[in-house]
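Engineer:
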Amino acid sequence: MLDPFLSPIPWLKTLVQPACDYLSLRTLPLHIHEILYAYALYHFIFAYLAPSLSSLLLPNRYTKLSYESKLRWNMHCASMVQSVAISILAPLIMTIDKERKGMNLEERMWGYTGAAGFVQALATGYFLFDLVVMIRYLDVFGLGMLAHASSCLLTYTLGFRPIFNYYGCIFMLYELSTPFLNIHWFFDKLGMTGTKAQLYNGLMLLSVFFSCRLVWGAYSSFNIYRDVWNVLHLSSSAKFETNGELTRFGSDQSLPMWLVIIYMGGHVTLQALNVFWFGKMIAAVKKRFVKVEKKE
Numbered sequence: 001m002l003d004p005f006l007s008p009i010p011w012l013k014t015l016v017q018p019a020c021d022y023l024s025l026r027t028l029p030l031h032i033h034e035i036l037y038a039y040a041l042y043h044f045i046f047a048y049l050a051p052s053l054s055s056l057l058l059p060n061r062y063t064k065l066s067y068e069s070k071l072r073w074n075m076h077c078a079s080m081v082q083s084v085a086i087s088i089l090a091p092l093i094m095t096i097d098k099e100r101k102g103m104n105l106e107e108r109m110w111g112y113t114g115a116a117g118f119v120q121a122l123a124t125g126y127f128l129f130d131l132v133v134m135i136r137y138l139d140v141f142g143l144g145m146l147a148h149a150s151s152c153l154l155t156y157t158l159g160f161r162p163i164f165n166y167y168g169c170i171f172m173l174y175e176l177s178t179p180f181l182n183i184h185w186f187f188d189k190l191g192m193t194g195t196k197a198q199l200y201n202g203l204m205l206l207s208v209f210f211s212c213r214l215v216w217g218a219y220s221s222f223n224i225y226r227d228v229w230n231v232l233h234l235s236s237s238a239k240f241e242t243n244g245e246l247t248r249f250g251s252d253q254s255l256p257m258w259l260v261i262i263y264m265g266g267h268v269t270l271q272a273l274n275v276f277w278f279g280k281m282i283a284a285v286k287k288r289f290v291k292v293e294k295k296e
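Quick note: the sequence shown uses the UniProt record's numbering, first residue 1, plus one each step.
(1) Beta-carbon within less than 6 angstroms of residue 24's beta-carbon, same chain only, minus the 5 sequence neighbours each way: which residues are those?
(2) Look at the Cβ atom of residue 140, then the Cβ atom of residue 71, and state whether they are nearer than 9 angstroms.
(3) So for residue 48, helix, strand or coil by DSSP?
(4) Can the beta-carbon of residue 118 be found less than 9 angstroms from the beta-carbon of residue 5?
(5) Do you know whose CA, among 136, 121, 79, 264, lies nearest residue 35's CA?
(6) Roughly how far, in whole angstroms, is the beta-carbon of residue 184 from the beta-carbon of residue 205, given that I think they are within contact range, below 8 angstroms?
(7) Let me know the secondary structure DSSP gives residue 114 once reduced to three states.
(8) Am I right that residue 123 and residue 172 are in contact with their C-beta atoms under 8 angstroms? What's the rounded C-beta distance?
(9) Could you give the C-beta distance for residue 169 and residue 116, rounded to a whole number, given that I count them as a contact under 8 angstroms?
(10) Tell me whether residue 5 sits in a helix, a strand or coil according to DSSP, three-state version.
(11) Do residue 78 and residue 42 have their CB atoms nearer than 9 angstroms?
(12) Report yes or no: do three or more beta-carbon pairs, one from the region 96-107 and one from the region 209-217, lie closer than 8 angstroms?
(13) May I have a chain-ordered list of the alpha helix (DSSP H) segments no shorter than 4 residues that lie completely inside the region 200-280?
(14) By a C-beta neighbour count over all protein chains shown, 10 Å radius and 16 as the cutoff for buried, is residue 297 buried or exposed?
(15) What's the C-alpha gap between residue 75 and residue 199?
(16) Mapping the DSSP letters down to three states, classify residue 103 as helix, strand or coil.
(17) Leaving out five residues before and five after residue 127 in sequence, what residues of the same chain have Cβ atoms less than 7 angstroms from its Cβ?
(18) For a minimum of 4 consecutive residues, which ranges assigned as the alpha helix (DSSP H) are wholly contained in the region 139-202?
(19) For residue 81, does the three-state DSSP call read helix, strand or coil?
(20) Taking the alpha carbon of residue 270 as the point to measure from, which residue in 246, 145, 194, 197 has its own alpha carbon closest?
(21) Note down, in chain order, each residue of its chain lying with its Cβ closer than 6 angstroms to the Cβ of residue 2, except the 5 sequence neighbours on either side.
(22) Compare the Cα-Cα distances from residue 134 to each of 87, 46, 286 and report the closest residue.
(23) Give me the Cβ distance between residue 194 and residue 289, rounded to the nearest whole Å; I'm assuming they're in contact under 8 angstroms.
(24) Could you tell me the alpha carbon to alpha carbon distance between residue 44 and residue 67, rounded to whole angstroms?
(25) Spatial neighbours of residue 237 within its chain, please: C-beta separation below 7 angstroms, excluding the five flanking residues on both sides.
Have a look at this one:
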């Protein structure tokens, strides 16, 4: 399936082509404009739109927040837009992109479709923005969020070799839980802590986070590890017949060990963070809704 967005900007594509060729990011020039558009959009939301609208619509709440809380509020606004967009686009592309759905082992590793690349570019643009914010405000967001942004940006950027383009939309389903997380945080700041609305949202958050990030994430990680193992141990005589159009950018079909280590290391980091955050979420929900009897 072709990229449904605007065509690449010729001068921008030409500008980044040498660097992309050097780094073997063969499909990045086709999507660099989408990455920059996404980055600009989320920066605009974070730096301008969220503060302005929040001050206008919620003057009694937003203006009284501390400096750090305002930064977090603005970040949650950008995150909400990104997570809702990706939660719609990723399943949609997985459903309608017939070329992607029919990929075999080698095509799942080195294949590429423009539609999957488009969604990957939007995610890359967001995580580039995320990384810039995490570096600039490290004292506010902490090392865990910096590690998350770095791992996500690295894995999605490497996908433009192309490698694992097939799996991009699959792992973006992690974002299905993010709107509930943002809403939970907003409830706290809007004075709705402990309400039934927050309770129901918290239960949805735990359910969706567990299902999408832990269960689906572990299952999908197993699948990608299995594909890597099979490719590394596949003899030349056992190679599949591939669609030349899908693998035209990955014709060399190289899988260097450094790439495997970096990519898989990023996934291990993300899965570890997901387990850690799930524990923190359970503790946060219990703190708000489970009453502890005081000892006399």
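Every residue gets a Cβ at the ideal spot worked out from N, C-alpha and C, and that includes glycine. The model shown is predicted, which means the values in this text are computed figures rather than measured ones.
Structural biologist: Looking at the atomic coordinates:
(1) Taking the sequence shown and counting its residues from 1, one reaches residue 24 at position 24. Correct list, in chain order: 161.
(2) In the sequence shown, the residue the question calls residue 140 occupies position 140. In the sequence shown, the residue the question calls residue 71 occupies position 71. Yes, Cβ-Cβ distance for residue 140 and residue 71 is below 9 angstroms.
(3) As a first step, residue 48 must be located in the sequence shown, where it is residue number 48. If DSSP states are grouped into helix, strand and coil, residue 48 belongs with the helices.
(4) Numbered from its first residue, the sequence shown carries residue 118 at position 118. Numbered from its first residue, the sequence shown carries residue 5 at position 5. Yes.
(5) The residue given as residue 35 occupies position 35 in the sequence shown. With distances taken between Cα atoms, residue 35 lies closest to 121.
(6) Locating residue 184 in the sequence shown gives position 184, where the first residue counts as 1. Locating residue 205 in the sequence shown gives position 205, where the first residue counts as 1. The pair is a contact, with the Cβ atoms about 6 angstroms apart (cut-off 8 angstroms).
(7) Taking the sequence shown and counting its residues from 1, the one referred to as residue 114 is at position 114. In this structure, residue 114 counts as helix in the three-state DSSP scheme.
(8) Position 123 of the sequence shown, counted from the start, is the residue given in the question as residue 123. Position 172 of the sequence shown, counted from the start, is the residue given in the question as residue 172. Their Cβ separation, rounded to whole angstroms, is 6 angstroms, which keeps residue 123 and residue 172 in contact under 8 angstroms.
(9) Residue numbering aside, residue 169 sits at position 169 when the sequence shown is read from its first letter. Residue numbering aside, residue 116 sits at position 116 when the sequence shown is read from its first letter. The C-beta distance from residue 169 to residue 116 rounds to 6 angstroms, short enough to fall under 8 angstroms.
(10) Against the sequence shown, residue 5 aligns to sequence position 5. Of the three classes helix, strand and coil, the one that applies to residue 5 here is coil, per DSSP.
(11) The residue given as residue 78 occupies position 78 in the sequence shown. The residue given as residue 42 occupies position 42 in the sequence shown. Going by C-beta atoms, residue 78 is nearer than 9 angstroms to residue 42.
(12) no
(13) 216-232
(14) Examination of residue 297 is not possible in this model, given that the chain is present from 1 through 296 alone.
(15) Within the sequence shown, the letter at position 75 stands for residue 75. Within the sequence shown, the letter at position 199 stands for residue 199. Spanning the two alpha carbons is a distance of roughly 23 angstroms.
(16) On the sequence shown, position 103 is the one that residue 103 refers to. Note: residue 103 maps to coil in three-state DSSP.
(17) Reading the sequence shown from its first residue, position 127 is the one you call residue 127. Counting only Cβ-Cβ distances below 7 angstroms, and skipping sequence neighbours, we find 149, 152, 153, 156.
(18) 165-172, 178-189
(19) On the sequence shown, residue 81 is found 81 positions in, with the first residue counted as 1. DSSP places residue 81 in helix when its eight states are reduced to three.
(20) Your numbering for residue 270 matches position 270 in the sequence shown. Nearest C-alpha to residue 270: 145.
(21) Start at 1 with the first residue of the sequence shown, and residue 2 comes out as number 2. These residues qualify, in order along the chain: 114.
(22) Here residue 134 refers to the residue found at position 134 of the sequence shown. Selected option, being the one with the closest Cα: 46.
(23) For the purposes of this step, residue 194 is identified with residue 194 of the sequence shown, where counting begins at 1. For the purposes of this step, residue 289 is identified with residue 289 of the sequence shown, where counting begins at 1. The Cβ separation is near 7 angstroms, so the contact holds.
(24) For this step, residue 44 is matched to residue 44 along the sequence shown. For this step, residue 67 is matched to residue 67 along the sequence shown. Going by the C-alpha atoms only, they are around 18 angstroms apart.
(25) What you label residue 237 is simply residue 237 of the sequence shown in a count that begins at 1. Residue placement at residue 237 cannot be trusted, given a pLDDT of 45 that sits under 50; what the coordinates show is reported in the next sentence. Around residue 237: no qualifying Cβ.
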